[in-house]
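Student: Sharing a structure with you now.
Protein chains: 2
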Amino acid sequence: MDDTRVTTEADGWMRGFPPPPERRIRFSDGSFNEWPQRRWTYNHVEELVPTRAVWRGRGPAIALPVSPLPLDGLRIDRAAGALSWDEALESSYTDSLLVLHRGEAVYETYLAESAPHLRHLIMSCSKSMVGLIAESLIRDGVIDPLAPVPTILPELAASAWGDATVRDVMDMRVGLDYDEDYTDPDSDVWRFIRCTGMIPPLPGQEAIGPADVLPTFNKRGEHGQEFSYQEPNIFVLSWLVRRAAQAPLVELVSDRIWQHIGAEHDCTHMLDPSGGETMPAMTLRDFGRWGQLVLTRGRVGDRQVLPAEIFDDIFQGGDQAAFASAGYDTLPDWSYRSQWWVRHIDGRTCLQARGAYGQFLYIDQVNELVIARFGSAKEAPSYLLDHILLPTIDAITDFVAKERGSS
Amino acid sequence: MDDTRVTTEADGWMRGFPPPPERRIRFSDGSFNEWPQRRWTYNHVEELVPTRAVWRGRGPAIALPVSPLPLDGLRIDRAAGALSWDEALESSYTDSLLVLHRGEAVYETYLAESAPHLRHLIMSCSKSMVGLIAESLIRDGVIDPLAPVPTILPELAASAWGDATVRDVMDMRVGLDYDEDYTDPDSDVWRFIRCTGMIPPLPGQEAIGPADVLPTFNKRGEHGQEFSYQEPNIFVLSWLVRRAAQAPLVELVSDRIWQHIGAEHDCTHMLDPSGGETMPAMTLRDFGRWGQLVLTRGRVGDRQVLPAEIFDDIFQGGDQAAFASAGYDTLPDWSYRSQWWVRHIDGRTCLQARGAYGQFLYIDQVNELVIARFGSAKEAPSYLLDHILLPTIDAITDFVAKERGSS
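Taken in order, these protein sequences are the chains called A and B. Residues in the first sequence are numbered consecutively from 35, following our numbering. Residues in the second sequence are numbered consecutively from 35, following our numbering.
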């Protein structure tokens with residue numbers, strides 16, 4: 035195994051009272067998102083940047099009964115060679131992993147710097163949360179998915195989104211002229227990343243927010259055609275839902291989801307320089323409880339928290355041809371709908387929320403399975419880990435079905 | 035009433051998606067601790083600076099039964115003229131107020147920008163929390179209160195604390211040469227405030243932590259004599275407990291207090307530039323639950339969470355003569371013990387944790403009363419509000435005793 039790694043690279047960072055200066059991690063010097071510091075920072079984001087909490091409400095946490103299965107004996111078969119369970123976890127820089135079958139925790143582990151009560155960055159899995167909020171506002175009649183974006187955000191009238199619909203944004207089918215030249219500090223991608231508050235501003239520059247940068251992006255090509263996964267779209271969508279609902283995202287998430295899933299903890303959000311919510315962080319079990327809400331199509335006990343039709347629609351999937359044109363080798367026969375990645379497999383669909391550096395939430399309705407997973411990998415792109423994580427998901431699915439049956 | 039004010043000065047700050055630039059509040063530009071911004075910031079500290087959470091544990095919250103008393107009809111008698119209840123609340127910039135009698139909430143209100151689920155800065159009330167942690171470590175034999183400080187923190191051997199004992203620090207009886215010239219940006223007080231992370235570093239200067247600044251302070255006069263309330267002492271004490279216990283303060287507070295009081299929420303801490311915990315923020319009800327732990331002398335239900343002897347000792351009070359020499363006009367017959375202010379009144383003692391801009395926690399064991407109060411006043415010194423807040427406490431005490439009896 036050439037890519038097997040121990041999961042303790044974070045040892046020594048931020049230890050001691052005070053930590054030695056050379057082992058401190060700060061946001062301001064850029065070390066926040068360096069590796070191996072990331073192994074620590076992704077478990078401790080609140081300690082490095084401002085955050086805004088999503089209130090869990092006053093109700094009791096909903097228990098996740100524990101019913102362990104010996105998944106650690108699994109062998110992960112893959113084209114590139116089989117992996118032992120530990121090899122699969124370590125070589126993919128796993129921080130923690132929770133497998134729920136019929137709402138019972140059949141496997142749960144915390145490695146490296148992770149712990150059950152620490153909130154871990156979920157990165158772009160947040161998109162799928164905003165997708166649910168948008169769908170919920172659509173069902174409430176607050177947002178018309180076919181309305182052009184500027185009917186809600188007039189600031190974007192002259193931008194790429196001037197003639198895009200809300201649905202185009204939700205399904206990442208916006209024709210956007212977005213220069214991703216990482217070698218040019220003034221490229222669209224760097225200007226955009228800075229305005230999200232994920233990295234510090236350039237020295238001497240004032241931090242500006244997405245509302246200052248998004249209006250400068252232009253259209254290229256057509257909307258509603260090819261799937262094109264571009265970060266600015268999610269910032270447009272989360273801006274849209276806040277403006278339309280006249281509420282901070284944390285309130286929308288708390289009121290519509292978080293207060294109803296029996297979360298043990300508040301989750302929280304990083305903030306952009308203008309105070310808008312960006313990346314959330316949450317505990318693994320609460321990540322799993324959110325997945326459980328998707329599995330049950332919005333039902334918690336005898337309450338329908340979100341309309342089941344939202345989930346029916348997303349589980350139906352998006353346009354597979356539009357998705358295929360984007361060329362994701364590791365995701366054949368997938369599609370994308372309302373900020374969820376949809377896997378079309380063996381006549382069923384499974385949903386995945388995917389986030390950089392190895393975050394995912396996977397929901398297999400047929401097999402009554404939720405897999406929640408945090409990581410802190412060396413490289414950002416999710417597809418780089420698919421060759422380990424997707425076979426791991428499949429090995430888990432087969433084993434759980436064999437041991438506990440599927441419906 | 036010349037000092038009556040409406041409590042909505044924060045209106046318009048940080049509102050909108052995004053908020054208009056001139057109504058944003060940031061830590062980096064110093065507006066964090068300006069007024070009226072403070073009316074917002076003290077309820078939203080996590081959104082402005084990094085914080086570290088104190089885990090509440092997995093147990094259920096302990097209910098605070100509600101049994102309302104019409105305190106809002108009270109008239110507050112004072113030498114400077116009587117106040118109506120609303121006048122007393124508004125003129126002291128009250129954010130929220132909770133009165134517990136025998137563990138029941140007889141009064142609870144949230145004004146201005148406050149809300150039940152928001153964590154409010156408690157400022158120097160944190161000292162009293164660290165005092166309990168120190169006492170707890172003393173009872174466990176981890177800290178010897180009579181040991182010189184450098185036996186635990188050798189870094190301070192050549193400083194003012196070189197020959198001070200832990201007890202001297204706990205009781206604020208350290209002879210410290212501390213230049214409080216607020217007009218000189220290089221004075222001890224400014225150097226110290228900057229190292230605590232309560233204000234941004236000077237332009238072009240790197241932020242340094244208390245471990246870099248405390249060793250530079252010199253001794254003046256004798257230890258163990260007069261009460262001298264100086265901020266650096268609490269940073270020495272919290273450094274002491276972390277180093278002695280080899281644990282972050284958040285872990286000590288969680289393990290020894292927060293997991294046992296039935297807190298509804300995690301509390302959190304601001305951080306100094308080196309990552310050490312400084313000011314906590316917590317919800318009002320959890321502030322009250324902490325007070326309830328003090329009232330019951332460390333007992334929660336049938337569990338003795340902290341040794342009762344800790345509270346016996348603190349309720350006995352400190353040296354009143356040593357306290358009197360400090361000249362607090364508003365606090366006659368008070369004393370100070372283990373980071374608690376002790377009011378000697380009518381043959382009993384009441385404890386108060388006091389924090390800048392109007393935070394306090396007041397515990398009257400004889401009357402079975404806990405009063406938890408958050409504010410965001412214009413001026414920092416607690417004594418400036420005593421002329422309103424102490425008569426308010428007394429009016430509450432009398433009324434509750436009359437209506438519900440005292441033991």
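Think of the CB as a built atom: it goes at the ideal place given N, C-alpha and C, for glycine as much as any other residue. Because the structure is a prediction, the values reported are computed rather than measured.
(1) Buried or exposed: T75(B), going by 16 or more other Cβ atoms within 10 Å of its Cβ?
(2) Tell me the DSSP secondary structure of L134(B) in three-state form.
(3) Using a Cβ cut-off of 8 angstroms, pull out every chain B residue sitting near T217(A), in sequence order please.
(4) With C-beta atoms as the reference, is L329(B) less than 8 angstroms away from V404(B)?
(5) Among A192(B), R388(B), I172(B), which residue has its Cα nearest to the Cα of Y263(B)?
(6) Do I233(A) and G392(A) have their C-beta atoms closer together than 8 angstroms?
(7) When the Cα of Y396(B) is compared with those of E413(B), K412(B), H378(B), which residue comes out closest?
(8) T85(B) versus chain A: which residues are under 9 angstroms apart at the beta carbon?
(9) Please report the distance separating the alpha-carbon of L117(A) from that of W47(A).
(10) Would you report the Cα separation of S101(A) and R382(A), rounded to the nearest angstrom?
(11) Between which two residues does the alpha helix (DSSP H) harbouring D202(B) extend?
(12) Just the Cα atoms here: how many angstroms apart are D37(A) and M313(A)?
(13) Using a beta-carbon distance below 8 angstroms, is S245(A) in contact with chain B?
(14) Give the range of the beta strand (DSSP E) segment to which V88(A) is assigned.
(15) Out of Q354(A), Y141(A), W195(A), point me to the one whose CA is closest to P184(A)'s CA.
(16) Determine which residues share a DSSP beta bridge with T128(A) and list them.
(17) Under three-state DSSP, which class holds R39(B)?
(18) For P234(B), go through chain A and note every residue whose CB falls closer than 7 angstroms to its CB, in chain order.
(19) Quick one: Cα of Q310(B) to Cα of R112(B), how far?
(20) Which residues in chain A sit within 7 angstroms of W273(B), going by Cβ to Cβ distance?
(21) In chain order, what residues of the same chain lie with their CB nearer than 7 angstroms to the CB of V40(B), ignoring the 5 residues before and after it?
(22) From the beta carbon of R276(B), is the nearest beta carbon of chain A less than 8 angstroms away?
(23) Just how far apart, CA to CA, sit G325(B) and F66(A)?
(24) Going by DSSP, name the residue or residues bridged to W368(B).
(25) Exposed or buried, what is S158(B) when buried is set at 16 or more other beta-carbons lying within 10 Å of its beta-carbon?
(26) Suppose contacts are defined by Cβ-Cβ distances below 8 angstroms. Is R86(B) in contact with W292(B) by that definition?
(27) Taking all protein chains shown into account, decide if Y216(B) is buried (16 or more other Cβ within 10 angstroms of its Cβ) or exposed.
(28) Per DSSP, what kind of secondary structure is R112(A) in: helix, strand or coil?
(29) Grab the span of the alpha helix (DSSP H) containing P244(A) for me, first residue to last.
(30) Return the bridge partner residues of C384(B) from the DSSP annotation.
(31) D215(B) by DSSP, collapsed to three states: which one?
(32) Using a Cβ cut-off of 8 angstroms (strictly closer), state whether M48(B) contacts chain A.
(33) Determine the extent of the alpha helix (DSSP H) in which E169(A) is found, giving its start and end residues.
(34) Are the CB atoms of L131(A) and R407(A) nearer to each other than 8 angstroms?
(35) Taking its Cβ as the centre, do 16 or more other Cβ atoms sit within 10 Å of P266(A), making it buried, or is it exposed?
(36) Give the straight-line distance between the Cα atoms of M35(A) and E142(A), rounded to the nearest whole angstrom.
Tutor: Quick look at the numbers:
(1) Your numbering for residue 75(B) matches position 41 in the second sequence. By the neighbour-count rule (16 or more Cβ atoms within 10 Å), T75(B) is buried.
(2) Here residue 134(B) is taken as the residue at index 100 of the second sequence, counted from 1. Of the three classes helix, strand and coil, the one that applies to L134(B) here is strand, per DSSP.
(3) The residue you call residue 217(A) lines up with position 183 of the first sequence. None at all; the shortest Cβ gap to chain B is about 29 angstroms.
(4) Along the second sequence, one-based indexing puts residue 329(B) at 295. Along the second sequence, one-based indexing puts residue 404(B) at 370. Their beta carbons are under 8 angstroms apart, which means L329(B) touches V404(B) by this criterion.
(5) Residue numbering aside, residue 263(B) sits at position 229 when the second sequence is read from its first letter. The candidate whose alpha carbon is nearest that of Y263(B) is R388(B).
(6) As a first step, residue 233(A) is located in the first sequence; it is residue number 199 there, counting from the start. As a first step, residue 392(A) is located in the first sequence; it is residue number 358 there, counting from the start. In this structure, G392(A) does not lie closer than 8 angstroms to I233(A) by Cβ.
(7) On the second sequence, residue 396(B) is found 362 positions in, with the first residue counted as 1. With distances taken between Cα atoms, Y396(B) lies closest to H378(B).
(8) The sequence position of residue 85(B) within the second sequence is 51, counting from 1. Going along chain A in sequence order, the residues near T85(B) (Cβ under 9 angstroms) are E80, E81, P84, T85.
(9) Along the first sequence, read from residue 1 onward, the residue named residue 117(A) stands at position 83. Along the first sequence, read from residue 1 onward, the residue named residue 47(A) stands at position 13. Spanning the two alpha carbons is a distance of roughly 30 angstroms.
(10) To locate residue 101(A), count along the first sequence from 1; it is residue 67. To locate residue 382(A), count along the first sequence from 1; it is residue 348. Rounded to whole angstroms, S101(A) to R382(A) spans 26 angstroms at the Cα level.
(11) Taking the second sequence and counting its residues from 1, the one referred to as residue 202(B) is at position 168. Segment 200-204, the alpha helix (DSSP H) holding D202(B).
(12) Locating residue 37(A) in the first sequence gives position 3, counting from the first residue. Locating residue 313(A) in the first sequence gives position 279, counting from the first residue. In this prediction, D37(A) scores a pLDDT of 38, lower than 50, which makes its location untrustworthy; no coordinate-derived value is stated.
(13) The count along the first sequence starts at 1 and reaches residue 245(A) at position 211. Correcting the residue identity first, residue 245(A) is Ala in this sequence and not Ser. A245(A) counts as touching chain B.
(14) By one-based count along the first sequence, residue 88(A) stands at place 54. Note, V88(A): beta strand (DSSP E), 85-88.
(15) As a first step, residue 184(A) is located in the first sequence; it is residue number 150 there, counting from the start. Of the candidates Q354(A), Y141(A), W195(A), the one whose C-alpha sits nearest the C-alpha of P184(A) is W195(A).
(16) Walking along the first sequence from the start, residue 128(A) turns up at place 94. In the DSSP output, where bridge partners are listed per residue, T128(A) has G409(A).
(17) Walking along the second sequence from the start, residue 39(B) turns up at place 5. Reliability fails at R39(B), whose pLDDT of 40 lies under 50, so the model's placement of it is uncertain and the value that follows must be treated cautiously. Residue state, collapsed to three classes: coil.
(18) In the second sequence, the residue the question calls residue 234(B) occupies position 200. In chain order: nothing, as chain A lies at least about 11 angstroms away.
(19) Mapped onto the second sequence, residue 310(B) falls at position 276. Mapped onto the second sequence, residue 112(B) falls at position 78. What sits at residue 310(B) in the sequence shown is Gly, not Gln. Those two C-alpha atoms are separated by around 41 angstroms.
(20) One-based indexing of the second sequence puts residue 273(B) at position 239. Simply F51.
(21) Locating residue 40(B) in the second sequence gives position 6, counting from the first residue. In this predicted model, V40(B) has a pLDDT of only 40, less than 50, meaning its place in the structure is not dependable enough to derive any value.
(22) The count along the second sequence starts at 1 and reaches residue 276(B) at position 242. Interface residue, yes.
(23) Position 291 of the second sequence, counting from 1, holds the residue named residue 325(B). Position 32 of the first sequence, counting from 1, holds the residue named residue 66(A). If I take the Cα positions, the gap works out to 37 angstroms.
(24) In the second sequence, residue 368(B) corresponds to position 334, counting from 1. W368(B) is bridged to R377(B).
(25) Locating residue 158(B) in the second sequence gives position 124, where the first residue counts as 1. Buried.
(26) In the second sequence, residue 86(B) corresponds to position 52, counting from 1. In the second sequence, residue 292(B) corresponds to position 258, counting from 1. Against a cut-off of 8 angstroms, the Cβ pair of W292(B) and R86(B) comes out as no contact.
(27) For this step, residue 216(B) is matched to residue 182 along the second sequence. By the 10 Å Cβ count, Y216(B) comes out exposed.
(28) In the first sequence, the residue the question calls residue 112(A) occupies position 78. Three-state result, R112(A): coil.
(29) Here residue 244(A) refers to the residue found at position 210 of the first sequence. Start and end: 244-247.
(30) Looking up residue 384(B) in the second sequence gives position 350. Bridge partners of C384(B): R377(B), D398(B).
(31) Against the second sequence, residue 215(B) aligns to sequence position 181. If DSSP states are grouped into helix, strand and coil, D215(B) belongs with coil.
(32) Looking up residue 48(B) in the second sequence gives position 14. Yes - at least one Cβ of chain A is within 8 angstroms of the one on M48(B).
(33) Start at 1 with the first residue of the first sequence, and residue 169(A) comes out as number 135. Note, E169(A): alpha helix (DSSP H), 159-173.
(34) Looking up residue 131(A) in the first sequence gives position 97. Looking up residue 407(A) in the first sequence gives position 373. Taking 8 angstroms as the Cβ cut-off, L131(A) and R407(A) qualify as a contacting pair.
(35) Taking the first residue of the first sequence as 1, we reach residue 266(A) at position 232. That one is buried.
(36) Here residue 35(A) is taken as the residue at index 1 of the first sequence, counted from 1. Here residue 142(A) is taken as the residue at index 108 of the first sequence, counted from 1. Any reading at M35(A) is ruled out, since the residue's pLDDT is 35, under 50, leaving its predicted position unreliable.
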